[in-house]
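Here the structure is laid out as structure tokens; the discussion comes afterwards.
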Amino acid sequence: MSRYTKTVPKNPADINATLTAVLDLIIFQTKDGDKLVGYQNQSDAAVVLTFEGD
Amino acid sequence: MFKQITVATLVMLTVAWICSGCASAGKQVQRAAKDWCMTIRGSQVIPVYPLIEDIQPGDVFLVQVPIDQQQQLYKDKGFLALDNLIARINPSGYDDFYSHSFLNSEATNLLPRDWIRPNGIGLYSGTNGTNTRAWQTAPRAAFPSYSFTVQNGSGLSLAVPVSGVPVGLSLLASDAASGTIQIEDARTLGVDIISLYDQLKSWAATNTVFLQNFGASTEHKKTNYLRVVTRVYATGKMMVSLKDASNRSGGLDVGVPKPVNLLTPELPAAATNTPESALKNYTNAWNVISDSVKGASALTNAAGQVLPGGSLRLAAASARTVSLDETFDPPLIFGYLGFDCAINADGSLAPPNPTQAVLDAQVVNDFSQFKTNFTNETNSFDLIEKAYLAAKPQRRAQIRDQALQLGLIEQPVEDARFIKTLRRTVDATNPVIARKLKTLAEFSTATP
Chain A
0 MSRYTKTVPK NPADINATLT AVLDLIIFQT KDGDKLVGYQ NQSDAAVVLT FEGD
Chain B
0 MFKQITVATL VMLTVAWICS GCASAGKQVQ RAAKDWCMTI RGSQVIPVYP LIEDIQPGDV
60 FLVQVPIDQQ QQLYKDKGFL ALDNLIARIN PSGYDDFYSH SFLNSEATNL LPRDWIRPNG
120 IGLYSGTNGT NTRAWQTAPR AAFPSYSFTV QNGSGLSLAV PVSGVPVGLS LLASDAASGT
180 IQIEDARTLG VDIISLYDQL KSWAATNTVF LQNFGASTEH KKTNYLRVVT RVYATGKMMV
240 SLKDASNRSG GLDVGVPKPV NLLTPELPAA ATNTPESALK NYTNAWNVIS DSVKGASALT
300 NAAGQVLPGG SLRLAAASAR TVSLDETFDP PLIFGYLGFD CAINADGSLA PPNPTQAVLD
360 AQVVNDFSQF KTNFTNETNS FDLIEKAYLA AKPQRRAQIR DQALQLGLIE QPVEDARFIK
420 TLRRTVDATN PVIARKLKTL AEFSTATP
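Chains as they are written, first to last, in numbering that gives the first Met the number 0: chain A, 0 to 53; chain B, 0 to 447.
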């Protein structure tokens with residue numbers, strides 16, 4: 000199993016834009032079977048997503 | 000006949016080339032606007048362009064440009080268009096804001112009217128306002144004077160949209176210029192964000208139906224904003240001093256090109272000697288042309304015959320100074336501060352963010368960069384994936400090898416795992432990855 004993280008900077012003035020960026024990244028990274036297994040919603044500036052795959 | 004047409008064409012083309020500085024007037028005007036706005040922005044004030052009297056705290060604008068595009072527009076144009084004024088709130092917080100400092104306790108204080116138009120009247124009659132006390136009781140502000148010098152033909156780095164200077168400095172398209180400008184008699188008027196935000200929420204509650212039209216929906220990713228002005232800056236006087244020397248030369252070659260030297264203009268030292276400067280520049284230009292003619296006749300073949308062909312050159316030179324003290328009576332607003340509120344889907348408003356902070360925030364820049372990188376990287380990845388899956392085993396091995404050399408994968412991977420491994424390297428926070436993926440995409444799609 001391989002585990003890795005990806006970071007999405009937040010746009011504090013546009014929550015929708017941040018959410019869209021996070022979802023786009025999840026869709027892209029899970030196309031070959033990797034799974035989203037965790038996340039950190041950092042209050043200051045970013046969302047860190049953790050993926051796992053074989 | 001043919002010769003006449005050729006000469007006529009040469010002359011027309013040459014004149015057109017010389018006048019090409021005038022052909023880009025639209026761009027020069029835009030440049031004038033941007034130069035001006037960048038100057039105001041340097042003072043941490045969001046520029047108003049053009050300068051206007053009728054903007055005040057409480058003005059509510061509808062902003063329909065995404066925040067990252069706003070940043071790009073702000074960067075490209077230097078200012079944000081304020082064209083969708085949807086409401087004018089009368090701030091109720093002036094009294095609390097100024098009562099213990101600038102308000103006269105023995106007079107009526109209906110702001111902003113009593114500061115902009117004391118006694119309620121004031122007409123602009125073409126040269127000076129009739130109400131000489133306009134803005135006089137408002138708090139003062141000061142901006143540093145600045146000067147500039149340029150010495151090339153590509154245009155100036157600064158321009159001033161002041162009516163006393165009929166065209167912005169950029170419009171002069173000068174080869175050499177210097178000058179100074181000073182914003183004087185600056186005044187300011189403002190109100191606190193909290194009281195204005197409370198009033199904005201009350202206004203929004205009574206206009207929910209209208210705001211719902213602009214709320215962020217799930218189908219449309221676009222977010223709209225309300226921008227509310229909290230402070231304005233006005234100027235009553237501008238002092239401008241310009242020295243300009245310009246020349247133009249141009250030409251066209253037919254046959255063997257002949258040598259032509261360009262000109263270096265000389266700035267007038269003062270207003271009294273501009274004719275001398277113009278004459279000197281013109282004389283220099285004439286000498287340069289004479290040298291060109293001599294150089295042309297020197298180009299001969301082995302038999303001493305002048306080589307066929309011709310070169311046409313025209314030159315023009317001028318010098319001038321402009322010095323003025325321009326008074327704005329009544330004063331004009333040249334900058335503002337404010338806050339932005341995103342409009343939610345139900346027509347309610349998100350918390351306020353200072354406009355300046357939104358436009359300059361590093362986190363917003365990071366996000367904007369992330370979006371750009373993500374689009375570029377996924378586009379490159381899609382190209383690589385498509386090319387890789389369509390390639391024969393030998394070509395696939397070359398692509399994998401190239402990815403290894405670029406450092407996109409750490410170690411050799413088998414054919415079936417390459418795309419999955421490469422997908423994990425996509426990192427939109429890292430512009431280096433974006434460049435490497437682009438290189439690999441170009442390699443993958445190239446014919447082997």
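Don't be surprised by glycine CBs; every beta carbon is placed ideally from N, CA and C.
query, result
"Where B:F101 sits in the DSSP three-state scheme", "coil"
"Cβ-based contacts, 9 angstroms cut-off: residues of the region 2-14 of chain A near chain B", "Y3, K5, T6, V7, P8, K9, N10, P11, A12, D13 and I14"
"Among B:L388, B:K391, B:E376 and B:D184, the one whose alpha carbon lies nearest that of B:F327", "B:D184"
"Classification of A:Q28 by the beta-carbon crowding that lies within 10 angstroms, buried from 16 upward", "buried"
"Chain-ordered neighbours of B:R395 on chain A, where CB pairs are closer than 7 angstroms", "Under the 7 angstroms cutoff, chain A gives no residues; its nearest Cβ is about 16 angstroms from B:R395."
"Member of A:N15, A:K34 and A:V36 whose CA lies at the smallest distance from the CA of B:N223", "A:N15"
"B:T444 beta carbon near the ligand NAP (any heavy atom closer than 6 angstroms)", "This structure lacks the ligand NAP; in fact it carries no ligand of any kind."
"Beta-carbon neighbours of A:K30, restricted to chain B and to distances below 8 angstroms", "R422"
"B:V47 classed as buried or exposed, judged by whether at least 16 other C-beta atoms fall within 10 angstroms", "buried"
"Between the CA atoms of B:Y281 and B:P274 - distance to the nearest angstrom", "10 angstroms"
"Member of B:D426, B:R399, B:E409 and B:Q211 whose CA lies at the smallest distance from the CA of B:A415", "B:R399"
"Within-7 angstroms CB hit, B:F60 to chain A", "no"
"Within 8 angstroms of chain A by C-beta, residues of the region 324-342 of chain B in sequence order", "D339 and A341"
"Inter-stretch contact (C-beta, 8 angstroms, three-pair minimum) for the region 89-98 of chain B and the region 187-200 of chain B", "yes"
"B:M237 burial status per 10 Å Cβ neighbour count (16 or more: buried)", "buried"
"Nearest candidate by alpha-carbon position, reference B:N212, set B:N286, B:A402 and B:V62", "B:V62"
"Cβ-Cβ distance between B:L188 and B:V59 below 7 angstroms", "no"
"Assigned secondary structure, B:L188 (DSSP; H/G/I helix, E/B strand, else coil)", "strand"
"Length of the line joining the Cα atoms of A:G32 and A:D23", "15 angstroms"
"Contacts around A:I25, its chain only, beta-carbon distance under 8 angstroms, and the 5 residues preceding and following it disregarded", "L35 and L48"
"Minimum Cβ-Cβ distance from B:T417 to chain A less than 7 angstroms", "In the sequence under discussion, the amino acid at residue 417 of chain B is Phe, which differs from the Thr named in the question. So no, B:F417 is outside the interface."
"Alpha-carbon to alpha-carbon, B:N103 and B:L348", "36 angstroms"
"Proximal residues of chain A, C-beta to C-beta of B:T107 below 9 angstroms", "Residues of chain A passing the Cβ test: none, with the nearest at roughly 40 angstroms."
"N- and C-terminal bounds of the beta strand (DSSP E) containing A:S1", "S1 to P8"
"Limits of the unbroken alpha helix (DSSP H) element including B:F441", "The sequence as given places Glu at residue 441 of chain B; Phe does not occur at that position. That run of the alpha helix (DSSP H) goes P430 to T444."
"Rounded separation between B:N352 and B:D339 - CA only", "5 angstroms"
"Inter-residue spacing [alpha-carbon to alpha-carbon] between B:I342 and B:N83", "15 angstroms"
"Span of the beta strand (DSSP E) around A:F27", "That residue, A:F27, is in no beta strand (DSSP E); its alpha helix (DSSP H) goes I14 to Q28."
"Three-state secondary structure assigned by DSSP to B:Q181", "strand"
"Beta carbon of B:P117 nearer than 7 angstroms to that of B:V228", "no"
"B:Y335, buried or exposed, once every other Cβ within 10 Å from all chains shown has been counted against 16", "buried"
"Extent of the continuous alpha helix (DSSP H) to which B:L84 belongs", "Element bounds for B:L84: not the alpha helix (DSSP H) but the beta strand (DSSP E), L84 to R87."
"B:Q410 versus B:D365: straight-line alpha-carbon distance, rounded", "30 angstroms"
"When B:L110, B:T207, B:V412 and B:T428 are compared against B:T136, the one with the closest alpha-carbon", "B:L110"
"B:S276, buried or exposed, once every other Cβ within 10 Å from all chains shown has been counted against 16", "buried"
"Interface flag, B:D197 vs chain A, CB-CB below 7 angstroms", "no"
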